[in-house]
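Chemist: Before we start, here is the structure in question, set down as structure tokens.
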Amino acid sequence: GDQPKDIEKQIREMLVKYISRPSCIILAVTAANTDLANSDGLKMAREVDPEGTRTIGVLTKVDLMDTGTDVVDILAGRIIPLRLGYVPVVNRGQRDIENNKPIHAALEHERMYFETHPAYKTKANYCGTPFLARMNISIILMHHIRATLPDIKARISQQQLKYNSELQSLGGPMGDGTSGNVVLSVITEFCSEFRAAIDGNTNDLSLNELSGGARISFVFHELFNNGVKTIDPFDQVKDGDIRTILYNSSGSTPALFVGTTAFEVIVKQQIKRLEDPSLKCCQLVYDELIRILGQSLVKIQAFKRYPALRERFNSVVVAFFKKAMNPTTK
Numbered sequence: 001g002d003q004p005k006d007i008e009k010q011i012r013e014m015l016v017k018y019i020s021r022p023s024c025i026i027l028a029v030t031a032a033n034t035d036l037a038n039s040d041g042l043k044m045a046r047e048v049d050p051e052g053t054r055t056i057g058v059l060t061k062v063d064l065m066d067t068g069t070d071v072v073d074i075l076a077g078r079i080i081p082l083r084l085g086y087v088p089v090v091n092r093g094q095r096d097i098e099n100n101k102p103i104h105a106a107l108e109h110e111r112m113y114f115e116t117h118p119a120y121k122t123k124a125n126y127c128g129t130p131f132l133a134r135m136n137i138s139i140i141l142m143h144h145i146r147a148t149l150p151d152i153k154a155r156i157s158q159q160q161l162k163y164n165s166e167l168q169s170l171g172g173p174m175g176d177g178t179s180g181n182v183v184l185s186v187i188t189e190f191c192s193e194f195r196a197a198i199d200g201n202t203n204d205l206s207l208n209e210l211s212g213g214a215r216i217s218f219v220f221h222e223l224f225n226n227g228v229k230t231i232d233p234f235d236q237v238k239d240g241d242i243r244t245i246l247y248n249s250s251g252s253t254p255a256l257f258v259g260t261t262a263f264e265v266i267v268k269q270q271i272k273r274l275e276d277p278s279l280k281c282c283q284l285v286y287d288e289l290i291r292i293l294g295q296s297l298v299k300i301q302a303f304k305r306y307p308a309l310r311e312r313f314n315s316v317v318v319a320f321f322k323k324a325m326n327p328t329t330k
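Just so you know, we're using full-length UniProt numbering here: the sequence shown kicks off at 1 and counts up by one.
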């Protein structure tokens, strides 16, 4: 037919998904004229309910068993015991269905079968579909609900607290809810958070390391300053070198004043030596700005509600920082 090839696997996975829940009552239906040990329903039930505390065994086709055989031992729990027991039933056969045998007539036939059968007549009140539906399943379901309801209520309360906490963390309503107002509000809050980190006006100041504006100030006034101070402007330019370049710039006629060409040649060589500490300073400031960006994105609650907006903010600001860094590498 048009059924998928793995239909059996899909059905089994669907059944296991539901019967694995501790709050589920399992109806394990087995034909009485087959070996109980080979029952697929009981095998599956025992996988998730090995103690048989929430499994009801339903025995069908009791009337089709061989002469002289019955399910008394099964009902007594001598074969595969179940805490909730077994209920034998007699259903309509295929011929009854084709002949449109009424349900009430089938139930009457079932009642007469158990009341007149030598093995079941003493326990006929505990056999048949009416007992299974009205007495057994209803009572068991009621007791099961009473037993599991406290746990279900506790889990619902826990889930409610969890999701209420998440809702609180997302913040209140964002204005009138329009996208423009939301973005404008987030931009304003982001700018305030970023400025506060630069100015040191945050409530989560670190005790262990410099951060934000303090870190940037340290980079400029300590690291960069020390890097520049380590450069000796005269260790690579000797007096003889200066004299030689002055002579070269004056040509054949001695000059009273130093030519700009000679000055530029000497100064450019020294300025070139400032490039390395300057680039290091720029990179350290860039790294700190990126860290401030990450901290600001985490603090703003609206970004938890709008993760795509958070990613957009991050990409735009990082791109802006990189664009500002480009001239330093030219």
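Virtual Cβ for every residue (Gly too), placed ideally from N, Cα, C. Just so you know, these numbers come straight off a predicted model, no measurement behind them.
Return the bridge partner residues of threonine 55 from the DSSP annotation.
Modeler: Start at 1 with the first residue of the sequence shown, and residue 55 comes out as number 55. Threonine 55 is bridged to Ile26.
Chemist: Do you know offhand how far arginine 273's Cα is from isoleucine 231's?
Modeler: Stepping through the sequence shown from its first residue, residue 273 is reached at position 273. Stepping through the sequence shown from its first residue, residue 231 is reached at position 231. If I take the Cα positions, the gap works out to 8 Å.
Chemist: When you compare only the Cα positions, how much space is there between threonine 55 and serine 20?
Modeler: The count along the sequence shown starts at 1 and reaches residue 55 at position 55. The count along the sequence shown starts at 1 and reaches residue 20 at position 20. The straight-line gap from Cα to Cα measures roughly 12 Å.
Chemist: How big is the Cα-Cα spacing for asparagine 189 and glutamate 47?
Modeler: Position 189 of the sequence shown, counting from 1, holds the residue named residue 189. Position 47 of the sequence shown, counting from 1, holds the residue named residue 47. The residue you asked about is not asparagine; residue 189 is glutamate in the sequence shown. Cα to Cα, glutamate 189 sits roughly 55 Å from glutamate 47.
Chemist: Can you check whether the CB of leucine 75 is closer than 7 Å to the CB of alanine 32?
Modeler: Here the question's residue 32 lines up with position 32 in the sequence shown. Here the question's residue 75 lines up with position 75 in the sequence shown. No, these two residues do not count as a Cβ contact at 7 Å.
Chemist: Which first and last residues belong to the beta strand (DSSP E) in which tyrosine 86 is found?
Modeler: Position 86 of the sequence shown, counted from the first residue, corresponds to residue 86. Unbroken beta strand (DSSP E) run through tyrosine 86: 86-88.
Chemist: Take glycine 85 as the anchor and find which of Asn99, Asp66, Lys101, Gly57 has the nearest alpha-carbon.
Modeler: As a position in the sequence shown, residue 85 is number 85, starting the count at 1. It is Gly57 whose Cα lies nearest to the Cα of glycine 85.
Chemist: In whole angstroms, what is the alpha-carbon distance linking methionine 112 and asparagine 38?
Modeler: One-based indexing of the sequence shown puts residue 112 at position 112. One-based indexing of the sequence shown puts residue 38 at position 38. C-alpha separation (whole angstroms): 30 Å.
Chemist: Quick test of your reading: isoleucine 300 and valine 186, contact by CB under 8 Å. State the CB separation rounded to the nearest angstrom.
Modeler: Along the sequence shown, read from residue 1 onward, the residue named residue 300 stands at position 300. Along the sequence shown, read from residue 1 onward, the residue named residue 186 stands at position 186. Contact flag correct, Cβ pair sits at about 7 Å.
Chemist: Can you confirm whether the segment 118-131 touches the segment 88-97 when touching is taken to mean that 3 or more C-beta pairs between the two stretches lie within less than 8 Å?
Modeler: As far as the Cβ criterion goes, the segment 88-97 touches the segment 118-131, which means the pair count is three or higher.
Chemist: Have a look at threonine 328 and asparagine 314 and give me their C-alpha separation to the nearest angstrom.
Modeler: In the sequence shown, counting from the first residue as 1, residue 328 sits at position 328. In the sequence shown, counting from the first residue as 1, residue 314 sits at position 314. Going by the C-alpha atoms only, they are around 22 Å apart.
Chemist: Let me make sure I understand the geometry here. Which of Val72, Gln94, Ile140, Val183 has the alpha-carbon closest to that of tyrosine 306?
Modeler: To locate residue 306, count along the sequence shown from 1; it is residue 306. Residue Val183 is the option with its Cα nearest to tyrosine 306.
Chemist: Along the chain, where does the alpha helix (DSSP H) containing cysteine 191 start, and where does it finish?
Modeler: Here residue 191 refers to the residue found at position 191 when the sequence shown is read from its first residue. Start and end: 179-199.
Chemist: What residue range is occupied by the uninterrupted alpha helix (DSSP H) comprising aspartate 287?
Modeler: Translated into positions along the sequence shown, residue 287 becomes position 287. Element bounds for aspartate 287: 275-299.
Chemist: So, is aspartate 276 buried or exposed, given that buried needs 16 or more other C-beta atoms within 10 angstroms?
Modeler: In the sequence shown, the residue the question calls residue 276 occupies position 276. Label assigned to aspartate 276: exposed.
Chemist: Over the uninterrupted alpha helix (DSSP H) stretch that includes tyrosine 18, give me the two end residues.
Modeler: For the purposes of this step, residue 18 is identified with residue 18 of the sequence shown, where counting begins at 1. Note, tyrosine 18: alpha helix (DSSP H), 7-19.
Chemist: Straight-line CA distance for isoleucine 80 to lysine 162?
Modeler: Here the question's residue 80 lines up with position 80 in the sequence shown. Here the question's residue 162 lines up with position 162 in the sequence shown. Approximately 43 Å between the Cα atoms of the pair.
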